[in-house]
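A.B. asks: Using the numbering used here, the letters of the sequence shown correspond one by one to residues 4 to 322. Here it is, the structure in full.
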Amino acid sequence: MGDVLVLIDHNDGRIRKPSLELLTLAGRLGTPAAVVLGGDDPEALAVQAHEYGAATVYVAEAPEIADHLVVPKVDALAQIAGEANPAAVLLTSSGEGKEIAARLALRLDGGLITDAVDVLSGDDGPEAVQSVFAGSYAVVSTVVHGTPVIAVKANAVTPEPVPTAGRTEQVTVAFSALATSVKVVSRTPRASEGRPDLAEAAIVVSGGRGVGGQEGFAVVEELADALGAAVGASRAAVDAGWYPHSQQVGQTGRQVSPQLYVAAGISGAIQHRAGMQTSKTIVAVNKDPEAPIFGLADYGVVGDLFDVLPKLSEYARAD
Ligand code: FAD
Numbered sequence: 004m005g006d007v008l009v010l011i012d013h014n015d016g017r018i019r020k021p022s023l024e025l026l027t028l029a030g031r032l033g034t035p036a037a038v039v040l041g042g043d044d045p046e047a048l049a050v051q052a053h054e055y056g057a058a059t060v061y062v063a064e065a066p067e068i069a070d071h072l073v074v075p076k077v078d079a080l081a082q083i084a085g086e087a088n089p090a091a092v093l094l095t096s097s098g099e100g101k102e103i104a105a106r107l108a109l110r111l112d113g114g115l116i117t118d119a120v121d122v123l124s125g126d127d128g129p130e131a132v133q134s135v136f137a138g139s140y141a142v143v144s145t146v147v148h149g150t151p152v153i154a155v156k157a158n159a160v161t162p163e164p165v166p167t168a169g170r171t172e173q174v175t176v177a178f179s180a181l182a183t184s185v186k187v188v189s190r191t192p193r194a195s196e197g198r199p200d201l202a203e204a205a206i207v208v209s210g211g212r213g214v215g216g217q218e219g220f221a222v223v224e225e226l227a228d229a230l231g232a233a234v235g236a237s238r239a240a241v242d243a244g245w246y247p248h249s250q251q252v253g254q255t256g257r258q259v260s261p262q263l264y265v266a267a268g269i270s271g272a273i274q275h276r277a278g279m280q281t282s283k284t285i286v287a288v289n290k291d292p293e294a295p296i297f298g299l300a301d302y303g304v305v306g307d308l309f310d311v312l313p314k315l316s317e318y319a320r321a322d
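Here's what the structure looks like:
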């Protein structure tokens, strides 16, 4: 197979972990090629991409990329893909990643698969695995028309360094008229209190209505900090104003797929499962032994979260 383009997400001069995972997945499908758009130090990003197996790194720098929403990135990717004719394009399945993926698939007249939890090399081209119906089924799909554009959830795989002496190519993008139609006026980083981003975190500890109030989230945050985890919340907790909507996990919140998901005081409604069912290991803490979350959990603790969580924090800190 040929090149597999990976759109690199970066922050503060570092490639974000989900994009390193994509480079590892790209290596299964063909020859990884990274696309670095914008950034203060694209050369440093290119070096990191080579360290994780990118044989070619396409770098495009232009004020349009930082100052406007997704269209300049779509323009750049479409131009690079048009020239490189890749076997597939991989992006992270974040809100922005999915929007870029959808617009790109349209431009390339290709097929789109989002929310993949794995990517495989099949007989007829790249295959994407999606987890559906609360994790009851794994659906394997392949794109049968045009370039496959696949958006993959974070934590699909452990990124593997494969130092590669590749080349870096500077690209001058011809932006479309649409590219500058929406301008970013300001950016305000979400207050994460030094915790990892919810969508990328390897561990997420979430609280639900069982937490009982805003103050109840202190035990959830304590465990999250002991584990180096992000904090999530059910919609019931968010709707009650106990935790910010930015941290809501579920169908109408964020989709997470961490190595470990701890659900505390969460019943396990289908809409909550939709956001966390692909987590590798699920631990539920609930005082109701009949709570549906136990049907999904790998490990369940029947008990009061105000007893259980502090003990878990203590064990985690002792480790
Ligand atoms: P509950 O269902 O009330 O469960 C609370 C649990 O806490 C219970 O199981 C109880 O036994 C347990 N508990 C109580 N006290 C304790 C204690 N001291 N210790 C241990 N356990 C205790 N929900 C989401 O989460 N995310 C979404 O994105 C989302 N989107 C939705 C979209 C639509 C269109 C609709 C209709 C609903 C959506 N919901 C979503 C809401 C969803 O249906 C549930 O209402 C919600 O997930 C319930 O949240 P919960 O589990 O925290 O609360």
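Cβ atoms here follow ideal geometry from the backbone N, Cα and C, with glycine treated the same way.
Exposed or buried, which one is I273 when buried takes at least 16 other CB atoms within 10 Å?
C.D. replies: With fewer than 16 other Cβ atoms within 10 Å, it is exposed.
A.B. asks: Is it the case that the CB of A294 approaches a heavy atom of the ligand FAD more closely than 7 Å?
C.D. replies: Within the cutoff, so yes.
A.B. asks: Quick check: what's the CA-CA separation for D127 versus L299?
C.D. replies: Whole-angstrom Cα-Cα distance: 33 Å.
A.B. asks: Could you tell me which whole alpha helix (DSSP H) segments of length 4 or greater appear in the stretch 21-83?
C.D. replies: Counting only unbroken stretches of 4 or more residues, the alpha helix (DSSP H) elements lying wholly within the stretch 21-83 are 45-54 and 66-70, in sequence order.
A.B. asks: Measuring alpha carbon to alpha carbon, tell me which residue in V288, P45 and G197 is nearest D307.
C.D. replies: Of the listed residues, the one whose Cα sits closest to D307 is V288.
A.B. asks: Within 10 Å of its beta-carbon, does D6 have 16 or more other beta-carbons around it, so buried, or fewer, so exposed?
C.D. replies: Buried, by the Cβ-count rule.
A.B. asks: Taking 7 Å as the line, does the beta carbon of L201 fall inside it for any heavy atom of the ligand FAD?
C.D. replies: no
A.B. asks: With a threshold of 16 other CB atoms inside 10 Å of the CB of G268, please say whether the residue is buried or exposed.
C.D. replies: buried
A.B. asks: Roughly how many angstroms lie between the CA atoms of A229 and G85, to the nearest whole one?
C.D. replies: 47 Å
A.B. asks: Could you give the uninterrupted runs of the alpha helix (DSSP H) lying entirely in the stretch 209-235, keeping only those of 4 residues or more?
C.D. replies: 220-230
A.B. asks: Let me make sure I understand the geometry here. Which of A202, D310, A91 and L123 has the alpha-carbon closest to that of V252?
C.D. replies: A202
A.B. asks: What is the DSSP secondary structure of V185, reduced to helix, strand or coil?
C.D. replies: Reduced to three states, the DSSP call for V185 is coil.
A.B. asks: Which residues in the same chain as E64 place their Cβ atom closer than 7 Å to its Cβ, once the five residues preceding and following it in sequence are excluded?
C.D. replies: These residues qualify, in order along the chain: G41 and P45.
A.B. asks: At a threshold of 7 Å, does A272 count as lining the ligand FAD (C-beta to nearest heavy atom)?
C.D. replies: Yes.
A.B. asks: Look up I119 in the DSSP assignment and give the residues it is bridged to.
C.D. replies: Before going on, a small fix: residue 119 reads as Ala here, not Ile. The beta-bridge partner set that DSSP reports for A119 consists of Q133 and V155.
A.B. asks: With H, G and I counted as helix, E and B as strand and the rest as coil, what does DSSP make of R257?
C.D. replies: strand
A.B. asks: Skipping 5 residues on each side, what residues in its chain have a beta carbon closer than 7 Å to that of T117?
C.D. replies: S96, K101, A104 and A154
A.B. asks: Got a sec: does the ligand FAD put a non-hydrogen atom nearer than 7 Å to the Cβ of L308?
C.D. replies: yes
A.B. asks: Does the pairing of the stretch 256-264 with the stretch 275-290 give three or more beta-carbon distances under 8 Å?
C.D. replies: yes
A.B. asks: Please check the pair P129 and L32, which I expect to be a contact at CB under 8 Å, by giving their CB distance rounded to whole angstroms.
C.D. replies: 5 Å
A.B. asks: What are the start and end residues of the beta strand (DSSP E) that includes Y327?
C.D. replies: Here the chain covers residues 4 to 322 and nothing more, so residue 327 does not appear.
A.B. asks: Pull up the CB-CB distance for T171 and A49, whole angstroms please, since I reckon it's below 8 Å.
C.D. replies: A Cβ-Cβ distance of about 5 Å is found for the pair T171 and A49, placing them in contact under the 8 Å criterion.
A.B. asks: Can H275 be considered in contact with the ligand FAD, in the sense that its beta carbon sits closer than 7 Å to one or more heavy atoms?
C.D. replies: yes
A.B. asks: Using a Cβ-Cβ cut-off of 6 Å (strictly less than) and excluding sequence neighbours within five positions of A266, which residues of its own chain qualify?
C.D. replies: S209, A287 and I296
A.B. asks: If V174 and V62 are in contact, beta carbons under 8 Å, what's the gap, nearest whole angstrom?
C.D. replies: 7 Å
A.B. asks: Out of N158, M279, A58 and T27, point me to the one whose CA is closest to A205's CA.
C.D. replies: N158
A.B. asks: Comparing alpha-carbon positions, which option in V60, A239 and G197 lies nearest Q217?
C.D. replies: A239
A.B. asks: Would you call the stretch 68-78 in contact with the stretch 105-113, where contact means no fewer than 3 C-beta pairs closer than 8 Å?
C.D. replies: yes
A.B. asks: For T255, is the beta carbon positioned less than 7 Å from some heavy atom of the ligand FAD?
C.D. replies: yes
A.B. asks: Would you check if the distance between the CB atom of G39 and the CB atom of V60 is smaller than 8 Å?
C.D. replies: The question names Gly, but residue 39 is Val in the sequence shown. For V39 and V60, yes; Cβs fall inside 8 Å.
A.B. asks: DSSP on V278, reduced to helix/strand/coil?
C.D. replies: Per the sequence presented here, residue 278 reads as Gly, with Val not at that position. Three-state DSSP puts G278 in a helix.
A.B. asks: Which residue wins for smallest C-alpha separation from V147, given the options A141, A91 and V187?
C.D. replies: A91
A.B. asks: Given this structure, state the Cα-to-Cα distance separating E24 from L8, to the nearest angstrom.
C.D. replies: Distance between the alpha carbons of E24 and L8: 13 Å.
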